[in-house]
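Read the structure below first, then the notes.
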Amino acid sequence: MIGFQAKAIAVLAVVAVGAGFYIKHLLYEQGFRDASLKHTAEAAERTIESERRAGRSLAASEKARVEGAAEVAALRRRAAKHAADARAARERARQVRVVEAEKECLPVPEPTTCPADVKVRQP
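In this note's numbering, the protein residues as written are 4 to 126.
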């Protein structure tokens, strides 16, 4: 009977040691889960912060784009005004050449795409 009790105690000891190792393993694994959750929370915070910065960056770039578009529109208006002024000046110059040609009884120059290229023949 003592042999049976010794075997039972040995089995119980092995089971207790195994249970201890299993509990240690579970606690260790729980520690990893906690660390993983902490890491995940920190990563989420970093992601939120980077998205917040990206939002500010996006807002700044959108503002710059709008300002740039306004500047481009202003430049286009100025270029259109200069082109209209240049066309008007060419037309006035052509009219002056026509009047001068009529005064001197010369052939009237034909309007072309660029009136500066029109040459009046001298008699």
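Ideal Cβ placement from N, Cα and C applies to all residues, glycine included.
If you run the structure through DSSP and keep just helix, strand and coil, what is residue i?
i, result
"E107", "coil"
Using a Cβ-based criterion (distance less than 8 Å to any ligand heavy atom), does residue i qualify as near the ligand COA?
i, result
"A87", "Looking for the ligand COA in the displayed structure turns up nothing, as the structure carries no ligands at all."
Just how far apart, CA to CA, sit residue i and residue j?
i, j, result
"A62", "R93", "46 Å"
"G21", "E48", "40 Å"
"K41", "L29", "18 Å"
"A86", "R56", "44 Å"
"G34", "K27", "10 Å"
"R100", "L78", "33 Å"
"A89", "R81", "12 Å"
"R95", "E103", "12 Å"
"A9", "F24", "22 Å"
"T43", "T50", "10 Å"
"A38", "A67", "43 Å"
"R97", "A73", "36 Å"
"A13", "A46", "48 Å"
Excluding the 5 residues preceding and the 5 following residue i in the sequence, name in chain order all residues of the same chain whose CB lies nearer than 6 Å to its CB.
i, result
"G36", "The identity of residue 36 in the sequence shown is Arg, whereas the question assumes Gly. None."
"S53", "none"
Just to confirm my understanding: we take residue i, look at its own chain, exclude 5 residues before and 5 after, and list those with CB closer than 7 Å. What are they?
i, result
"V75", "none"
Got a sec? Which residues, its chain only, sit under 8 Å from residue i by beta carbon, not counting five neighbours each side?
i, result
"Y31", "none"
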